[in-house]
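Remarks on the structure that follows.
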Amino acid sequence: MKVAFFFPALNVNAHTVHTYSPHQFKSRIKGQVACYSCVSFTRDLANYRFLEIDPPSAKNISDLRDVLSKGGMRIPIYAERCAETRAGANPNFNGAQISVCPNTDTEHGACVKLKGRFNGYRLKSEAYVYRHCWGEMWQDARPYQRQMSERCFSDNMVQSFVDTEQNTICFCEDDLCNRSSPHYNICASIHRLYLLIFLTFLLYIIN
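Basically the working numbering = 1-based index in the sequence shown + 22.
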């Protein structure tokens with residue numbers, strides 16, 4: 023049985039929304055979009071030994087897969103390199119797969135990145151990231167609205183996707199665009215700007 027899925031009831035004020043500027047994506051011209059397809063707990067592998075003394079166990083990985091599957095999601099390959107990296111780092115997706123999905127005028131498609139926190143059997147929840155294309159993400163097909171493109175959502179409906187916490191889902195239509203989010207890159211740039219202003223002010227006071 024297919025489950026109808028619609029977004030009109032979403033509370034727009036609850037979203038982290040980027041301005042939607044419709045244009046002709048290359049993926050629409052060629053009729054398909056390629057997306058990273060993988061899931062992982064989030065870790066900065068460059069500083070793995072400092073950030074994570076206790077790496078994810080096979081049981082916690084299995085529990086995460088079970089929770090996502092119960093939410094109606096298809097489970098891509100688990101790959102440590104699928105994880106989010108710190109701002110400014112070059113992501114490396116070794117071990118991840120690539121899915122190709124239709125993106126046409128009659129069959130809309132997009133790449134997806136879902137982030138959240140999962141507790142499992144541990145006392146402390148862990149961040150995870152799930153990357154896929156929308157057309158392959160769900161066990162029962164769910165329609166995609168192009169007004170969702172280039173946006174991130176974190177409202178109550180997104181929280182109800184699966185039994186995990188602090189869920190945020192982002193959509194994009196360029197090939198392999200679900201490797202990162204422009205929103206996070208912008209935030210990182212703003213933080214660097216604030217640091218530069220602070221250092222300039224500090225030097226002014228010292229002199």
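Just so it is clear, CB atoms sit at the ideal spot from N, CA and C, and this is done for glycine as well.
Every value quoted in this text rests on a predicted model; they were computed, and no experiment measured them.
Asked	Found
Rounded separation between Glu106 and Asp127 - CA only	32 Å
Residue of Tyr166, Asn141, Phe115 and Ser79 minimising C-alpha distance to Cys123	Tyr166
Local Cβ density within 10 Å of Ala56, reported as buried at 16 or more and exposed below that	buried
Lys137 to Arg168 span [Cα, whole Å]	21 Å
Thr64 versus Phe140, Ala80 and Ile51, residue with shortest Cα-Cα distance	Phe140
Below-8 Å beta-carbon distance, Val89 vs any chain D residue	Here there is only one protein chain, and chain D is not present.
Inter-residue Cα distance where the pair is Trp160 and Gly93	9 Å
Through-space distance from Asn178 to Phe115, alpha-carbon basis	30 Å
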